[in-house]
Amino acid sequence: MARYFLLFSLLTLLSPAFAMHEHGAEEVTGWQYRWGDSPIVDGIPQWISAPQNVSTDWTDINSPVKPPNRDEHNTVWFKAKLPDSGHQYLHPVLYITSIDLMAEVFLDNKKIYQFGDFDQKDKKTFYGWPWHSISLPTDYAGKTIYFRVYSNYRDIGLWGEVKLFEQSNLLFYVLKNAYFEVLVALFSLFVTIITFAFSMMQKNDRHFLYLSAFSLTSALMLLSENHAVQFVFNYPLFRVYLLAISYYALPVFICLLLSSWSSAWQKNWLKKIAYFHGSYLVIAIMLSMLGVIELAPTFPVFDALFAISIILIIGLGLSMRPLPGSDQQFVMLSFTVYGIFLLLDMGIANSVLPWINLDISIAALLFALVLMLISLRHYSHVQKALKELNEHLEMKVAERTATLHAYAEAEQERAEQLHRLNMLGAKLEELNSRLQACHDLDEARKILIRKLPEVFLPVEVKVSASIENQPFDSVLAQIELQEVDGSYNVFVHILLANSSSRLLIPRENLDDLISRVKLRLGVTLSSIKLREELQRFSFEDALTGLRNRRYFDDALYRETQLSNRQQQTLSLLICDIDHFKRFNDEYGHEAGDYVLKTLAHLMHEFFRETDIPCRYGGEEFVVIMPNATLANAVDKAEALRNTIAKKSIEFNGEYLGHITISIGVANLSLHSLHSEQLLSEADKALYKAKQLGRNRVESVQI
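Read in order, the letters of the sequence shown are residues -19 to -1, 1 to 683 in mature numbering (1 follows the signal peptide of the UniProt record, and there is no 0).
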């Protein structure tokens, strides 16, 4: 790709010189044709030797393409007199845009060029559609040149231009007609990368992925049929295959793209068109590679089908009535223009319209620019969202900083009182250090109930998690815990055990101590809660509330080791929702998420506290059952399966029917196995349950 980019960047700078190098090209005119094949004597066709070549069997024709009255003929001869304008060429060459399908060229009773193998025409006739450069002798002027052309294809002849060039000028002529198309293809590849990057950032939104795929196929189509590519990659048949794959894939990706924005009936039609063309692509390419058919005849058939599909796609796209200025409207308008260009190109290629040099890269450039516009607009929205999020985070940090600053100021103001509260403060810090070592809030509450009264000595207090059955006036203070949403809940209550002991410490010192206790311990408890929340989030599935895959892997390894060491039984269940993808496609991902949460809720109710239900991934769930025999586990699995099969699913007021699950059960009895083996056997049992028809339980004893 770098080679193309450098080459055509140079050509862009040299574009003013192209017109100069095209000067001197001469059109070959005065064509005649003759159906059939010439007798060949001593390797020389008799129709090119005098006097037979003046036979009245030759008929005038405007251009050497698709002569009339073909009937059953697959071989035709053309002849024309080379220009005698007096122009001198050092290295004269004859340029032909394309040939259908094979040709031999004769001058002065000698074969000077061959494309294809006439001796193998019964086995292989299609070698691609390259352009041709035929070297001529310097004394060509006024001589008659003969073309022997064979084609079992619908079309036969020399297509496009037949011109006489200086060999060096031909290079510039081809590049002049091709460099813009290659630049458009390279730009489309760049857009492909941009849109693919956005598709990776939004994995739940597939329209950027389809945009990327459509842009890629468009770029490959332009490159594969570009004449300049022949200079550096002269494999015409491979390029035709690449052209066929990319060209045949265009309707597939545009239909998938539009279906991601459409309603149910439009999506149904668009997907049918996509599946139809996808099937045509696979069948045509496979049969051609296997030699069952030639690749060339698949193009006109596809053109006819694609022309109908373009009209249907444009009609379906317009029926969506996209909002003005939306991505859908831009894509639809640009594809409409692209589709019109494609229809014109099909008409020219299939002789419905007269031949002109139609530059379809203009439409491809328009579509690529639209994709770039959509990508830039999406990037702008992402940047705006990131900016808003950053501002929100900065505000939160400022609030937390202000809170910490206020705490620091309060600590500084109370520095003068530290000499009176030194011992009490030391006890508080010791208690705080013990709290910081706690693993969870329950452990912290137990320590506070046991150790916090020592901090208040000589004032006699007790700490309680509840104030039920306590005198209202005995409540001295409350230690509150800040929740994630910013609200506060009472963690423990500090109660006076002996009201008279309150007088042993000055009121202002006691109030100061209470404030310090609440502030200091409140921050520590919030840290414990945050750590506990982080621990919970790292082992909890956000959607279902069950333990996640990470927790399951650790738990299964631990329970397997315990089972092996203690010679106890261990069972493992793997559950999978039957046809969940089809359910998602039919009712949407929100309904699918509701089903997953419903199943998780039932599993919470069904299993023992010692059992460990987890979400394994996607629609798969696992349950670790310590000390459960295979029979116990199978009974539980059957009960869960029956309950789920009978449960009606309703979501947003809509009845969605029933779901079923398949369950694989494995039980560990040979206490020398690893957790991976237990999991593998359970997975095999699940696979067996699916093979036997789903909605069933299968088990295995290890």
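A virtual CB, placed ideally from N, CA and C, is assigned to each residue, including glycine. Predicted model, so just to flag it, every value in this text is computed and none were measured.
Query	Result
Please report the residue range of the alpha helix (DSSP H) in which CYS236 lies.	217 to 240
Verify whether the separation of the beta carbon atoms of ALA425 and ILE509 is less than 7 Å.	yes
Report yes if the C-beta distance between GLY11 and LYS62 is below 7 Å; otherwise report no.	yes
Suppose you measure from the CA of LYS124 to the CA of GLU7; what does that come to, to the nearest Å?	15 Å
Have a look at LEU271, ALA572, VAL444, ARG129 and flag the residue whose alpha-carbon is nearest the alpha-carbon of TRP28.	ARG129
Under 7 Å Cβ to Cβ from SER193, same chain only, skipping five residues before and after it: list those, please.	THR173, THR176, PHE177, SER180
Our contact map puts LEU660 next to LEU580 with C-beta atoms below 8 Å; I'd like the distance itself, whole angstroms only.	Not confirmed; about 20 Å, so no contact.
Beta-carbon within less than 8 Å of ASN608's beta-carbon, same chain only, minus the 5 sequence neighbours each way: which residues are those?	GLN549, THR550, LEU551, THR591
Out of PRO118, ARG501, ASP493, ALA366, point me to the one whose CA is closest to THR384's CA.	ARG501
Cβ of LYS248 within 7 Å of Cβ of SER240?	yes
Who does GLY67 pair with in a DSSP beta bridge?	GLY67 is not bridged to any residue.
Which term fits SER307, buried or exposed, when burial requires 16 or more other beta carbons within 10 angstroms of its beta carbon?	exposed
Give the DSSP-derived three-state secondary structure of ILE42 in the structure shown.	strand
Quick one, which of LYS499, PRO111, ASN470, GLU441 has its alpha-carbon nearest ALA391's?	LYS499
In its own chain, which residues sit with a C-beta less than 6 Å from the C-beta of MET39, not counting the 5 before and 5 after it?	The amino acid at residue 39 is misidentified as Met; the sequence shows Trp. Contacts found: GLN13, ARG15.
As a quick exercise: from ALA159, GLY328, PHE283, PHE257, pick the residue whose alpha carbon is nearest that of ILE343.	ALA159
Between LYS443, VAL615, GLY141, which lies nearest to PRO335 when the distance is taken from Cα to Cα?	GLY141
Mind reading off the beta-carbon distance from ALA670 to GLY645? Whole number of angstroms is fine, and I expect it under 8 Å.	6 Å
Who are the Cβ neighbours of GLN148 in its own chain at under 6 Å, not counting the five residues just before and after it?	HIS72, VAL74
Could you tell me whether the segment 267 to 278 touches the segment 102 to 111, using the rule of 3 or more Cβ pairs below 8 Å?	yes
Just tell me which of LEU429, LEU156, LYS432 has its CA closest to the CA of PHE212.	LEU156
Would you be able to state if there are at least three C-beta pairs under 8 Å between the segment 295 to 302 and the segment 199 to 211?	no
Ignoring anything shorter than 3 residues or poking outside the segment 627 to 654, list the beta strand (DSSP E) runs there in chain order.	629 to 632, 635 to 639, 642 to 649
So LYS248 is in the alpha helix (DSSP H); what residue range does that whole segment cover?	245 to 270
Return the Cβ separation of VAL678 and ALA626 in integer angstroms, given the expectation that the two are a contact with Cβ distance under 8 Å.	No, VAL678 and ALA626 are not in contact; Cβ-Cβ is about 11 Å, not under 8 Å.
Would you mind giving the Cβ-Cβ distance between VAL143 and ILE77, rounded to the nearest angstrom? I have them listed as a contact below 8 Å.	5 Å
Taking LEU354 as the reference, give the member of MET301, GLN309, HIS386 with the closest Cα.	GLN309
Given this structure, state the Cα-to-Cα distance separating GLU546 from ARG596, to the nearest angstrom.	Here the sequence assigns Arg to residue 546, which means Glu is not the residue at that position. Cα-Cα distance, rounded: 27 Å.
Do you know offhand how far LEU477's Cα is from VAL442's?	4 Å
Output the distance between the C-alpha atoms of TYR636 and ALA572, rounded to the nearest integer angstrom.	11 Å
How is ARG596 classed by DSSP in three states: helix, strand or coil?	strand
Taking the beta carbon of LEU299 as the centre, do at least 16 other beta carbons fall within 10 Å, making it buried, or is it exposed?	exposed
Per DSSP, which residues does GLU96 bridge with? Please list them.	Going by the sequence as given, residue 96 is Phe instead of Glu. In DSSP, PHE96 forms a bridge with ALA84.
According to DSSP, is SER114 part of a helix, a strand, or is it coil?	strand
Going by DSSP, what residue range makes up the beta strand (DSSP E) through LEU527?	It is not in any beta strand (DSSP E) - LEU527 carries neither H nor E in the DSSP assignment.
Which of the three DSSP states, helix, strand or coil, is assigned to LEU139?	strand
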